[in-house]
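A short worksheet on the structure shown next.
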Amino acid sequence: MTELAQAHGLTLREDYFDDPAAWNGLVELLQDTFSIDVSLQDRFGGPDSSSMPSGYFDSEGCCVANFTAFSMPMMINGRAVKAAGYQSGAVRPEWRERGLYRDLMQRAFERTAAEGYELDLLLTDKPALYERYGFRTVPQHVFVAKLPKLEKSDRSARQLSLESPDDLSLIKSLLQNRQPVSNRFAVIRQMEMFLLNACFNSAIRLTTLGDETVVAWTFDGATLWLLDVAGTVIPSLATIVSALDIEPDRIEVCFSPDRLNCETSLEPYEGYTMLMARGKAADEIAGPLMLSPMAEF
Ligand SMILES: CC(C)(COP(=O)(O)OP(=O)(O)OC[C@H]1O[C@@H](n2cnc3c(N)ncnc32)[C@H](O)[C@@H]1OP(=O)(O)O)[C@@H](O)C(=O)NCCC(=O)NCCS
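Heads up: the sequence shown runs through residues 1 to 297, numbered per my numbering.
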């Protein structure tokens, strides 16, 4: 038993996701803290199997604090980087300011360091909390694309639904076999967050082009936001927009667009959270870049 656990009558549990009651404890903590329902993932096969959660539970099995590391391999400037992401960081209000979060962060960071992760990434609205652990903010930009010349599309584009088992299995297989959407800065493999983010925002449309690529996008009648392209091939922007059969006035690409064969200009991205990085591969991150909103965690 850890000293903190002993002092507060709590139990430290690590890697507890295969215990349904404990997983439900985390679901409730995140619901109460962030008003999000991560149990939606249960429909898709549950949370990321690489997750390394650490949590404190009270005597009734209520999860009072948690911090989770997970594996998030990244492509950065052409190199595959062994990266860890950190998510689900929360402490119930009545348990705050007792060092529980500090303890859980330190455990997670020690663990990923011991396992040879060369990059740590997180998204936060409280950067000061992580600066003392060596994290630095990575500026992000959206890429405003020059409108491409639309072609007559010979690709069959089809809207997908996460409610359809066939569509879900196509999306999962494209995510598993995807090429990184960018060589500069993109996840190599991340399925669970893509599916959860698609669930969280009903405006997100998932469209497959020829069953070899799924495009995640939103459109308000004027602006197209291209959120991600997952598949074994990455078509050009002109091919994508032509296949979507829309005529946007403005296109914002929300990831590094180096594989889209298009011209772009930059605008700073003012998100609610900031991307932070540390570790020996952090110096390899060179802007301009954006982490796809479908990979947000
Ligand atoms: C942020 C939160 C996790 C902190 O939990 P906690 O158990 O009170 O934190 P601790 O007592 O372990 O304090 C850890 C350190 O963080 C600092 N800290 C706590 N809240 C902070 C904040 N909002 N901003 C900056 N630093 C903060 C503490 O001063 C302490 O610093 P020290 O190690 O130098 O003494 C908790 O307030 C919470 O759940 N907030 C709502 C959800 C949230 O914002 N989660 C983080 C998402 S990235």
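Cβ coordinates follow ideal geometry from the N, Cα and C atoms, glycine included.
- Within the chosen limit of 7 angstroms, ligand 1 reaches the beta carbon of Val91 through at least one heavy atom.
- Non-local C-beta neighbours of Trp95 in its own chain, meaning closer than 7 angstroms and more than five positions away in sequence, comprise Val64 and Ala65, ordered along the chain.
- In the structure shown, the three-state DSSP call for Glu267 is strand.
- Runs of the alpha helix (DSSP H) spanning 4 or more residues and lying entirely within the stretch 165-190 occur at 165-176, in chain order.
- By the neighbour-count definition (other C-beta atoms within 10 Å, threshold 16), Tyr272 is an exposed residue.
- Approximately 5 angstroms separates the beta-carbon atoms of Thr264 and Ala145; this is inside 8 angstroms, confirming the contact.
- Non-local C-beta neighbours of Pro257 in its own chain, meaning closer than 6 angstroms and more than five positions away in sequence, comprise Phe143 and Thr264, ordered along the chain.
- Pairwise C-beta distances place the stretch 76-84 out of contact with the stretch 232-243, as fewer than three of them are shorter than 8 angstroms.
- Proximity of the beta carbon of Arg98 to ligand 1 is indicated: a heavy atom of the ligand is located closer than 7 angstroms.
- Separation of the CB atoms of Thr2 and Ala90 is rounded to 19 angstroms, and the pair is thereby denied contact status at 8 angstroms.
- Relative to ligand 1, the nearest heavy atom lies less than 7 angstroms away from the CB of Ala128.
- Nearest Cα to Met105 within the set Pro93, Phe135 and Glu118: Phe135.
- With a cutoff of 7 angstroms, Ala65 counts as near ligand 1, since its C-beta is closer than that to a heavy atom of the ligand.
- By the neighbour-count criterion, in which 16 or more other beta carbons inside 10 Å mark a residue as buried, Pro180 falls on the buried side.
- DSSP places Ala7 inside the alpha helix (DSSP H), whose first and last residues are Glu3 to His8.
- Closest option to Glu296, judged by alpha-carbon separation, among Leu266, Leu227 and Ile285: Leu227.
- Rounded to the nearest angstrom, the gap between the Cα atoms of Ala113 and Arg107 is 10 angstroms.
- Here the C-alpha atom of Ile36 lies approximately 8 angstroms from the C-alpha atom of Phe200.
- Out of Met75, Cys62, Ser182 and Arg13, the CA that lies nearest to the CA of Asp103 is found in Arg13.
- Out of Pro293, Arg98 and Pro288, the CA that lies nearest to the CA of His141 is found in Pro288.
- If you compare the alpha carbons of Asn183, Leu174 and Ala203 with that of Gly210, the shortest gap goes to Leu174.
- DSSP, read as helix, strand or coil, puts Ile76 in strand.
- Beta-bridge annotation (DSSP): Thr213 is paired with Leu209 and Gly231.
- For Asn66, the uninterrupted beta strand (DSSP E) segment begins and ends at Cys63 to Ser71.
- In the three-state reduction of the DSSP assignment, Met105 falls in the helix class, which pools H, G and I.
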